[in-house]
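Residue numbers (the numbering used here): 3 to 456.
Positions of the beta carbon are idealized from the N, C-alpha and C atoms, including for glycine.
All figures in this text were calculated on a predicted structure; none of them were measured in a lab.
One structure below.
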Ligand code: HEM
């Protein structure tokens, strides 16, 4: 039997288990660890045992083969739990999570999501009208801000059938604050969140604001007593969902947490992906041209619809490639509930397994010239040649993103609706936009582009 090895350890001699280097630049720290030790190594910021894994076989082992032995009691999820609480994303109580997932999954199938396609194209058309009114020739558009507002309107309409702008802005601001405070805390988890520093008090206020946003809609709906009908939104569906196993529903607190998880899960990830997609298209006019040709051929003069997705295959590869280079949910974690051996290395119980798709999606064994934007990588044959788990934008296994079909539908329909009429062009002398590693991967400073009629 081969001998079990000890994991190589990264400290970079800063006397803090790598903490200071990790705090300064998390991606640079991990990149140096991978260059020095290969696909698996450990580090201990502030004594927290972390194991970085970066191979498709590790993903298969942790998220699928031994999925039940690796739960969400990992440090990253503990950090975001004050915000997400008992909702699906960070829930570590497997029994509760399983029941919730069972009840919610039917509302996120491709067929169920097709009911929301109209919200996506209507809201995009509204954004285009607004842009046309507000931005003159030569003006630059803050794409990240504008797409953020659009993504939030789409999720709010799908959840609540509501049309809001002012309260949505407050939600965006609160979420932005929580994302950067928690992102900084993840890189340097001190002092504990229970200590009322100004930042932690700001986090508390941001959580209260997001809660007020959600409970406003829930309270209103409860007063209205809407029945499930053809044009039903997600809130009504969740209110009336019954568990097939025990016949019960969701209590109101749980419902609140799930709604908040959907808002958060759906809003920033799609905003970032679309911002990056427009940025990448602006930098690659040859790719943009192919998108335009496809959209003109498939959609022509009408509004794009759900049924077009099957034929918008090139646009889909643009989305896939954007999610590869700038995977918004770029890091997630699992907690090892028992001792294990991965790749011949001893992994002690209690380890925090760090999966980082920013690096997995650049792994030199599976991706040629990984910094290059090449949608062709997602052609059928190329995909078949790669190990499945070399690409992981939505995770995999039992905790795979429940909103994957919602997201893909939204990303393709928004791109197609914009591409029918407009180009977003790189302004002269525009600086390169670089990723900022918060809890999600964010375009630092936002993406700014010029709107041009085609
Ligand atoms: C580009 C868009 C999106 C990306 C890249 C993304 C990515 C992810 C990833 C990687 C996970 C799994 C994390 C893990 O295994 O620890 C996840 C989970 C989740 N996502 Fe998404 N997501 C996106 C959009 C959405 C949307 C649109 C929704 C809701 C409509 C959503 C709701 C959720 C929820 C509720 C979970 C937790 C699932 C569970 O544990 O059962 N996401 N997402």
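Counted within 10 angstroms of its Cβ, other Cβ atoms place residue i as buried (16 or more) or exposed
i	result
residue 258	buried
residue 102	buried
residue 157	buried
residue 379	buried
residue 42	buried
residue 37	exposed
residue 160	buried
residue 153	buried
residue 149	buried
residue 11	exposed
residue 31	buried
residue 341	exposed
residue 400	exposed
Distance CB(residue i)-CB(residue j) smaller than 9 Å
i	j	result
residue 324	residue 409	no
residue 343	residue 414	no
residue 52	residue 416	no
residue 357	residue 185	no
residue 279	residue 451	no
residue 61	residue 398	yes
residue 389	residue 58	yes
residue 76	residue 335	yes
residue 230	residue 239	yes
residue 73	residue 106	no
residue 269	residue 373	no
residue 215	residue 172	yes
Rounded separation between residue i and residue j - CA only
i	j	result
residue 426	residue 306	19 Å
residue 377	residue 351	40 Å
residue 110	residue 146	26 Å
residue 286	residue 70	43 Å
residue 362	residue 370	13 Å
residue 434	residue 254	46 Å
residue 89	residue 83	9 Å
residue 224	residue 405	25 Å
residue 187	residue 396	24 Å
residue 65	residue 429	43 Å
residue 418	residue 129	14 Å
residue 310	residue 317	11 Å
residue 68	residue 339	10 Å
residue 142	residue 132	14 Å
Rounded distance between the beta-carbons of residue j and residue i, thought under 8 Å
i	j	result
residue 455	residue 423	7 Å
residue 368	residue 327	So it is not a contact: roughly 14 Å between Cβ atoms.
residue 29	residue 439	5 Å
residue 332	residue 241	That pair is no contact at about 33 Å.
residue 281	residue 445	7 Å
**Prompt:** Are there three or more Cβ pairs, one per stretch, closer than 8 Å when the stretch 171-183 is compared with the stretch 288-298?
**Reply:** no
**Message:** Any contact between the stretch 164-180 and the stretch 205-220? By contact I mean 3 or more CB pairs, one from each, below 8 Å.
**Reply:** Yes, the stretch 164-180 is in contact with the stretch 205-220.
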